[in-house]
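J.:
In the numbering used here, the protein residues as written are -10 to 300.
(1) Where does residue 13 land, buried or exposed, given buried means 16+ other C-beta within 10 angstroms?
(2) If I follow the unbroken alpha helix (DSSP H) through residue 99, where does it start and stop?
(3) Quick check on the burial criterion: 16 or more other C-beta atoms within 10 angstroms. Buried or exposed for residue 79?
(4) Considering only the beta carbon of each residue, do residue 76 and residue 198 sit closer than 8 Å?
(5) Less than 8 Å between C-beta atoms, sequence neighbours within five positions excluded: which residues of the same chain meet that for residue 279?
(6) So the beta strand (DSSP E) residue 254 belongs to, where does it begin and stop?
(7) At what residues does the beta strand (DSSP E) containing residue 13 begin and finish?
(8) Can you list, in chain order, the stretches of the alpha helix (DSSP H) that have 4 or more residues and sit fully within the stretch 171 to 242?
(9) Measure the Cβ-Cβ separation of residue 68 and residue 152 and say whether it is below 8 Å.
(10) Look at residue 23 and residue 39 and say whether their C-beta atoms are less than 8 Å apart.
(11) Whole angstroms are fine: how far does the CA of residue 233 sit from the CA of residue 42?
(12) Does DSSP put residue 275 in a helix, a strand or coil?
(13) Considering only the alpha carbon of each residue, which of 154, 32, 105 and 272 lies closest to residue 255?
(14) For residue 207 and residue 253, which I take to be in contact (beta-carbon distance under 8 Å), what is that distance rounded to the nearest angstrom?
(15) How about the stretch 0 to 10 and the stretch 216 to 228: do they share at least three Cβ pairs that are nearer than 8 Å?
(16) With a threshold of 8 Å, are at least 3 pairs of Cβ atoms found where one atom belongs to the stretch 53 to 62 and the other to the stretch 79 to 92?
(17) Using a Cβ-Cβ cutoff of less than 7 Å, which residues in the same chain neighbour residue 210 once the five nearest sequence positions on both sides are dropped?
(18) Using the rule of at least 16 other Cβ atoms within 10 Å of the residue's Cβ for burial, across every protein chain shown, is residue 275 buried or exposed?
(19) Considering residue 168, what are the terminal residues of the beta strand (DSSP E) in which it resides?
(20) Does the separation of the CB atoms of residue 236 and residue 194 fall below 8 Å?
(21) Is the Cβ-Cβ distance between residue 184 and residue 196 less than 8 Å?
(22) Our contact map puts residue 227 next to residue 263 with C-beta atoms below 8 Å; I'd like the distance itself, whole angstroms only.
(23) Let me know the alpha helix (DSSP H) ranges lying completely inside the stretch 76 to 160, each 4 residues or longer, listed in chain order.
(24) Can you tell me whether DSSP reads residue 269 as helix, strand or coil?
(25) Just to confirm, is the Cβ distance from residue 49 to residue 65 under 8 Å?
(26) Does DSSP put residue 45 in a helix, a strand or coil?
(27) Report buried or exposed for residue 163, applying the criterion of at least 16 other Cβ atoms within 10 angstroms of its Cβ.
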């Protein structure tokens, strides 16, 4: 499965010059794809077909968190990434359980966008409320929620060595501004997010943020859409996402359903057929099956892809 997966991605990148974002469950696997092939029998076998093994330039993305441990692999290219403060304010319901305080928080969003540090945020909130008991309680609740998120280090302003935005200089010396993943794609490398790097709730937020960012980029005016670029999203171990990541799961449905219209290709691997949701299968054009364990799997495959019994 891994070799077929890598071969397909390599062909997309090297022969079709497509952009690829990978969600992989193990860092070691992605790192090994960067390296040249040295196993002589493998190289000799490829040479018979006139093929030369070629690695793919991967940059591994490690989501920021309070206690960050750099990757163990030597010579690995990686970036520590964070969520932008603007993005958090745009999707605040994912991060804050505000209850009855939500309407007050919405009024604060325009001024909170102007804040550059935690002290700015605290003073902005304090100055926006009166001194009554109810207002002080609401102010304290909102402040505490933001402070808790700030201390987790996942906000770009709270973490000096984690990035959410890349400024890229093109060949005409024109500076372009991208979110981290889109900036890496523009530079011709393959960003890879390791889905086992965080707790499921936080990883769900990061991965879903990455997928929605790609979808929104392809759907709105900008360099990628204006130049009709195609981006492939490659999801390994789909059954893990299906069980653990609720937000990402919904976004994958949207990508499968609407992705073709905005030049997004979706590739996914699963350990067994039963883990492929029918809505994904309904929007899947090709399936590569390496082996089946029995009649139950065969029948599931037939039903998912509407195959004849002879096929």
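Idealized CB from N, CA, C, for every residue including glycine.
T.: On the basis of the supplied data:
(1) buried
(2) 91 to 101
(3) exposed
(4) yes
(5) -10 and -7
(6) 253 to 257
(7) 8 to 13
(8) 189 to 208, 212 to 215 and 227 to 233
(9) yes
(10) no
(11) 35 Å
(12) coil
(13) 272
(14) 6 Å
(15) yes
(16) no
(17) none
(18) exposed
(19) 164 to 168
(20) yes
(21) yes
(22) Between residue 263 and residue 227 the Cβ distance is about 11 Å, and since that is not below 8 Å, they are no contact.
(23) 91 to 101, 107 to 116 and 122 to 140
(24) helix
(25) yes
(26) coil
(27) exposed
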